[in-house]
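Note that the protein sequences, when read in sequence, are chains D and V. Quick note, our numbering runs 3 ahead of the 1-based positions in the first sequence. Quick note, our numbering runs 3 ahead of the 1-based positions in the second sequence. Glycine residues also receive a C-beta, built at the ideal position from the N, C-alpha and C atoms. Please read these numbers as outputs of a predicted model, since none were measured by experiment.
Protein chains: 2
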Amino acid sequence: MRRDIFQAIADPTRRAIIALIALQAMTPNAIAEHFDTTRQAVSKHLRILIECELIKPEHKGREIYYQLEIDKLKEIDNWLEQFRKIWETRFNQLDNLLATMKKQRK
Amino acid sequence: MRRDIFQAIADPTRRAIIALIALQAMTPNAIAEHFDTTRQAVSKHLRILIECELIKPEHKGREIYYQLEIDKLKEIDNWLEQFRKIWETRFNQLDNLLATMKKQRK
DNA sequence: TATACGTGAAACCATTCGGTTTCTCATTTT
DNA sequence: AAAATGAGAAACCGAATGGTTTCACGTATA
Numbered sequence: 004m005r006r007d008i009f010q011a012i013a014d015p016t017r018r019a020i021i022a023l024i025a026l027q028a029m030t031p032n033a034i035a036e037h038f039d040t041t042r043q044a045v046s047k048h049l050r051i052l053i054e055c056e057l058i059k060p061e062h063k064g065r066e067i068y069y070q071l072e073i074d075k076l077k078e079i080d081n082w083l084e085q086f087r088k089i090w091e092t093r094f095n096q097l098d099n100l101l102a103t104m105k106k107q108r109k
Numbered sequence: 004m005r006r007d008i009f010q011a012i013a014d015p016t017r018r019a020i021i022a023l024i025a026l027q028a029m030t031p032n033a034i035a036e037h038f039d040t041t042r043q044a045v046s047k048h049l050r051i052l053i054e055c056e057l058i059k060p061e062h063k064g065r066e067i068y069y070q071l072e073i074d075k076l077k078e079i080d081n082w083l084e085q086f087r088k089i090w091e092t093r094f095n096q097l098d099n100l101l102a103t104m105k106k107q108r109k
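Right, dumping it as structure tokens:
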């Protein structure tokens with residue numbers, strides 16, 4: 004099963020988990036309390052997130068705190084970069100158009 | 004079938020299609036030539052991309068040109084925003100740390 | 001008008017996904 | 001030592017996914 008980050012964030016529950024632990028690391032039980040699902044289901048989501056290195060487990064006695072590896076999210080940012088260039092170009096074109104219209108009105 | 008943009012970009016072929024038509028609109032046949040798959044499979048991907056408004060068909064005779072609705076990608080950018088804030092904060096913390104170290108060395 | 005072409009839709013199939021239930025194991029607590 | 005707690009693993013299940021093949025239909029072209 005080849006996992007990648009795009010597949011990882013495709014599921015809304017996983018996105019919610021990511022947002023939830025972004026501020027502070029949490030245990031599976033604590034996470035599951037926020038959702039209408041079983042701890043085991045959450046556990047499966049966590050496994051997927053671990054597999055693509057979006058989160059990291061930190062063992063503390065019998066509890067495991069999962070922490071977001073926020074840098075990994077930059078991979079999405081990087082993918083968006085190619086399009087950001089395009090939409091900035093279009094914005095500039097619009098900007099130029101507006102400038103030209105303004106000039107003509109003078 | 005509720006589609007959202009995160010699910011749409013989860014598939015690598017769809018991401019490749021998006022990147023391919025980002026520069027210029029293309030027909031299904033033209034797109035399919037770039038992949039090791041049938042035109043029909045591409046067609047199904049296009050349907051999903053249409054459903055979540057990532058692309059727009061433009062009929063021209065018997066051909067259909069699909070164009071990227073690049074603004075839709077900003078939804079991903081918006082989702083990243085919440086994390087961008089966090090990673091910028093961390094960067095600033097690192098920045099402050101480095102500044103402090105520099106000062107101490109003087 | 002007959003034929004070829006570009007495309008989407010439908011039917012089908014194997015695989016994956018997300019979920020539950022049950023089980024096992026290690027760590028706390030009593 | 002025994003019971004309770006936190007957590008992952010396995011088995012199972014229905015639904016969704018991504019692909020193919022076949023078919024239908026409108027538009028060009030001969």
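N-terminal and C-terminal residue of the alpha helix (DSSP H) that residue i is part of
i      : result
E54(V) : R42 to E54
L26(V) : P15 to L26
I12(V) : Segment: none, I12(V) is in no alpha helix (DSSP H) and carries neither H nor E.
I58(V) : No alpha helix (DSSP H) holds I58(V); the beta strand (DSSP E) holding it covers I58 to K63.
A36(D) : Note that residue 36(D) is Glu in the sequence shown, not Ala. E36(D) -> alpha helix (DSSP H) spans P31 to E36.
Test item: CB-CB of residue i and residue j under 8 Å
i      : j       : result
I58(D) : R6(D)   : no
I20(V) : Q70(V)  : no
A13(V) : Q10(D)  : yes
P31(D) : I67(D)  : yes
I79(D) : I79(V)  : yes
I53(V) : I89(D)  : no
R18(D) : H48(D)  : no
K75(D) : E56(D)  : yes
E61(D) : A102(D) : no
Contacts that residue i makes with chain D (C-beta to C-beta distance below 9 Å)
i      : result
Q85(V) : A22 and A25
Chain V contact residues for residue i, given Cβ-Cβ distances below 7 Å
i      : result
I89(D) : A25 and I73
Interface partners of residue i on chain V, CB under 8 Å
i      : result
R18(D) : F9 and W82
For residue i, the first and last residue of its enclosing beta strand (DSSP E)
i      : result
I67(V) : E66 to L71
(Q) Short of 9 Å Cβ to Cβ, which residues in the stretch 68-82 of chain D face chain V? (A) L71, I73, D74, L76, K77, I79, D80 and W82
Q) Between the stretch 4-15 of chain V and chain D, which residues of the former have a C-beta closer than 7 Å to a C-beta of the latter? A) F9, Q10, I12 and A13
Q: Kindly confirm or deny that the stretch 26-36 of chain V and the stretch 79-98 of chain V touch, where touching means at least three C-beta pairs closer than 8 Å.
A: no
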